[in-house]
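Trainee: My questions will all concern the structure given below.
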Amino acid sequence: MTWTDVTYVPIQPAAVLERVGASEDGAVAFFMGIVRNANEGRPVSGLEYDGYRRMAKAQLSAIVAEAAERAESDRVAAVHRLGPLGIGEVSVAIAVSAPHRAQAFEAARFVIEEIKKRLPVWKREHYLDGETAWLDGHVPATERGGVR
Amino acid sequence: MTWTDVTYVPIQPAAVLERVGASEDGAVAFFMGIVRNANEGRPVSGLEYDGYRRMAKAQLSAIVAEAAERAESDRVAAVHRLGPLGIGEVSVAIAVSAPHRAQAFEAARFVIEEIKKRLPVWKREHYLDGETAWLDGHVPATERGGVR
Amino acid sequence: MDVTVLLFAGHRELAGTPSIVVSLPQRATVDMLLSALRGRGEGWAALPRSVSVAVNREYADGDTVLVEGDEVALIPPVAGG
Amino acid sequence: MDVTVLLFAGHRELAGTPSIVVSLPQRATVDMLLSALRGRGEGWAALPRSVSVAVNREYADGDTVLVEGDEVALIPPVAGG
Numbered sequence: 328m329t330w331t332d333v334t335y336v337p338i339q340p341a342a343v344l345e346r347v348g349a350s351e352d353g354a355v356a357f358f359m360g361i362v363r364n365a366n367e368g369r370p371v372s373g374l375e376y377d378g379y380r381r382m383a384k385a386q387l388s389a390i391v392a393e394a395a396e397r398a399e400s401d402r403v404a405a406v407h408r409l410g411p412l413g414i415g416e417v418s419v420a421i422a423v424s425a426p427h428r429a430q431a432f433e434a435a436r437f438v439i440e441e442i443k444k445r446l447p448v449w450k451r452e453h454y455l456d457g458e459t460a461w462l463d464g465h466v467p468a469t470e471r472g473g474v475r
Numbered sequence: 328m329t330w331t332d333v334t335y336v337p338i339q340p341a342a343v344l345e346r347v348g349a350s351e352d353g354a355v356a357f358f359m360g361i362v363r364n365a366n367e368g369r370p371v372s373g374l375e376y377d378g379y380r381r382m383a384k385a386q387l388s389a390i391v392a393e394a395a396e397r398a399e400s401d402r403v404a405a406v407h408r409l410g411p412l413g414i415g416e417v418s419v420a421i422a423v424s425a426p427h428r429a430q431a432f433e434a435a436r437f438v439i440e441e442i443k444k445r446l447p448v449w450k451r452e453h454y455l456d457g458e459t460a461w462l463d464g465h466v467p468a469t470e471r472g473g474v475r
Numbered sequence: 750m751d752v753t754v755l756l757f758a759g760h761r762e763l764a765g766t767p768s769i770v771v772s773l774p775q776r777a778t779v780d781m782l783l784s785a786l787r788g789r790g791e792g793w794a795a796l797p798r799s800v801s802v803a804v805n806r807e808y809a810d811g812d813t814v815l816v817e818g819d820e821v822a823l824i825p826p827v828a829g830g
Numbered sequence: 750m751d752v753t754v755l756l757f758a759g760h761r762e763l764a765g766t767p768s769i770v771v772s773l774p775q776r777a778t779v780d781m782l783l784s785a786l787r788g789r790g791e792g793w794a795a796l797p798r799s800v801s802v803a804v805n806r807e808y809a810d811g812d813t814v815l816v817e818g819d820e821v822a823l824i825p826p827v828a829g830g
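Chains as they are written, first to last, in my numbering: chain A, 328 to 475; chain B, 328 to 475; chain C, 750 to 830; chain D, 750 to 830.
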């Protein structure tokens, strides 16, 4: 069973890792993003993720479903944090288990790359000098909506 | 600081994950191998890792040092288990943190690939039918020893 | 017909509001909605020329036809992860 | 001179021992050691034609010259991970 969440609650990496694993799996790949103390050389005191939460949940579920198909494993879990975060806090965590390691690595990498491309969340950095800025991001590709 | 171990003690994934991380790091990649319930379709009840432990420790340290150089991060940890393992037990765990995700992913992948190529450990599978077999492995490349 | 428009991050700051209800003629498209929004002046006029849009939580083209009650979100370049 | 030979996994089962001390002429090479081992007969004769070797815990070529007290390990194809 895949699992996803977009949440204001701090992410517990070990709990995400425990969402995956099955007796036929030989490999677990895990990734997490953490808040750095600087961006492009500028000291950061913390940041804030704004998100279109309902859409982000739907997009994350879609990304994880695609990853599960590629990995031939439904043991894929991903969670993205929203709200204010301090240095060292976890912004995103992804876990995949699969029979073989290439599948697990590639699926975990796919999920983080797709999150960066299309999850509707935005990051405002707070700098040590008191300024803040919304970070430049990726323009999501528009899919043709089909029947509406 | 890099960290490595080759051990008969069960591996705690969360403890390995905690070996990495630094305030300049934005990404943590983690991999673990777990004992599957079957290999090439044959049901497995458990397995046993034999190892040339002193050399394996030296090789693992060398692999991790190379990974750290590639990742431009000394936050690389790796541990390999020896002895008898049951289904679902962790055979190997690798954690890397780095400023950027590509570095972390690639270093973690590098460590597991190199372990498979040259760590002097051997795996005997125990099958449900009572038979056992040493698994076919990789012939390690010989490095010219240089001055001896 | 009425559609709800949601704004996020920098867009929200430009517009000064997280959401607004806009009345449009029947069969109006996303692009027509964007023109109407820019026509409101002030911060709205400063919305980027090219802006991504989601209709009912799916990314949608500018020629997507809207219907009564649609939830239309202006999506600034995303920066998750 | 004497060197210690270590055996693992399938090699250990062939040889029936985890280690053995072998006496060799001065300046003997790894290949000479392997010939001497195969010459012991029984399981030893069944050691694979091509076998990887580590000398003092580093992989070494067949023409590596051994010295008194070296720890020589025969390394079956590795299967970690």
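Note that the Cβ used here is the ideal one computed from N, Cα and C, for glycine as well.
Note that this is a predicted model, so its numbers are computed, not measured.
1. Determine the closest residue to A:G464 out of A:E440, A:R346, A:A425 and A:M359, with distance taken between C-alpha atoms.
2. Pull out every residue of the region 344-362 of chain A whose Cβ sits closer than 8 Å to any Cβ of chain B, in chain order.
3. Quick one: is A:Y347 buried, meaning 16 or more other Cβ sit within 10 Å of its Cβ, or exposed?
4. My assumption, with CB atoms under 8 Å, is that D:D751 sits in contact with D:V779. Please give the rounded CB distance.
5. Under a CB-based cut-off of 7 Å, is A:A477 close to chain C?
6. Using DSSP's beta-bridge definition, name the partner residues of C:S768.
7. At what residue ranges does the region 410-463 of chain B contain a whole run of the beta strand (DSSP E), taking only runs of 3 or more?
8. With the cut-off set at 7 Å, would you say A:A476 and A:A356 are in Cβ contact?
9. Identify each residue in the region 442-469 of chain B for which the Cβ-Cβ distance to at least one residue of chain G is less than 8 Å, and report them in chain order.
10. Just to confirm, is the Cβ distance from A:I442 to C:G829 under 7 Å?
11. I need the boundaries of the beta strand (DSSP E) containing A:E375, first residue and last residue.
12. For A:G415, which residues in chain B fall below 8 Å Cβ to Cβ?
13. Using a beta-carbon distance below 7 Å, is C:I824 in contact with chain A?
14. How about the region 752-767 of chain D and the region 808-821 of chain C: do they share at least three Cβ pairs that are nearer than 8 Å?
15. Put C:A785 into one of helix, strand or coil per three-state DSSP.
16. How many angstroms separate the CA atom of B:A354 from the CA atom of C:M781?
17. If the cut-off is 7 Å on Cβ atoms, which residues from the region 383-413 of chain A count as contacting chain C, listed in chain order?
18. Which residues mark the beginning and the end of the alpha helix (DSSP H) in which C:G792 is found?
19. Return the chain-ordered list of same chain residues with a C-beta closer than 6 Å to the C-beta of A:T331, the five sequence neighbours on each side being excluded.
20. Comparing C-alpha positions only, which one of D:D810, D:P826 and D:L815 sits nearest to D:P774?
21. With a cut-off of 7 Å, does the C-beta of A:I439 fall near any C-beta of chain C?
22. I'd like to confirm the pairing. Which residues does DSSP put opposite B:G360 in its beta bridges?
23. Please return the same chain residues whose Cβ sits closer than 6 Å to the Cβ of D:L786, not counting the five positions on each side in sequence.
24. If we define contact as Cβ-Cβ less than 7 Å, is A:V336 a contact residue for chain C?
25. Assuming contact is defined by CB atoms lying nearer than 7 Å, are B:P447 and B:M382 in contact in what I supplied?
26. Hey, would you say A:R402 sits closer than 7 Å to A:Y454, going by beta carbons?
27. Any C-beta of chain C sitting closer than 7 Å to the C-beta of A:D377?
28. In terms of residues, what are the limits of the beta strand (DSSP E) holding C:A809?
29. Would you say A:R381 reaches chain C, if we count a Cβ-Cβ gap shorter than 7 Å as a contact?
30. For the alpha helix (DSSP H) containing C:L815, name the first residue and the last one.
31. Please compile the residues from chain A whose C-beta is within a distance smaller than 8 Å of the C-beta of C:G792.
32. Residues of chain C with CB closer than 9 Å to the CB of A:V419, please, in chain order.
33. Please list the terminal residues of the continuous alpha helix (DSSP H) segment that includes A:A341.
34. Quick check on B:A342 - is its C-beta less than 7 Å from some C-beta in chain A?
Mentor: Taking the coordinates as given:
1. A:E440
2. L344, G348, S350, E351, D352, G353, A354, V355, A356, F357, F358, M359, G360, I361 and V362
3. What sits at residue 347 of chain A in the sequence shown is Val, not Tyr. Result: buried.
4. About 15 Å; that fails the 8 Å criterion.
5. The requested residue 477 of chain A is not part of the displayed model; chain A covers only 328 to 475.
6. C:L755
7. 410-413, 417-425, 448-454 and 459-461
8. This structure leaves residue 476 of chain A out entirely; chain A is present only between 328 and 475.
9. Here the protein chains are A, B, C and D, and chain G is not one of them.
10. yes
11. R369 to G378
12. G348 and S350
13. yes
14. no
15. helix
16. 41 Å
17. A385 and H407
18. E791 to A794
19. L387, S388, V391 and A405
20. D:L815
21. yes
22. A:A354 and B:V419
23. W793
24. no
25. yes
26. no
27. yes
28. E807 to A809
29. yes
30. Here C:L815 belongs to no alpha helix (DSSP H), and DSSP marks it neither H nor E.
31. In chain order: nothing, as chain A lies at least about 14 Å away.
32. G829 and G830
33. P340 to L344
34. no
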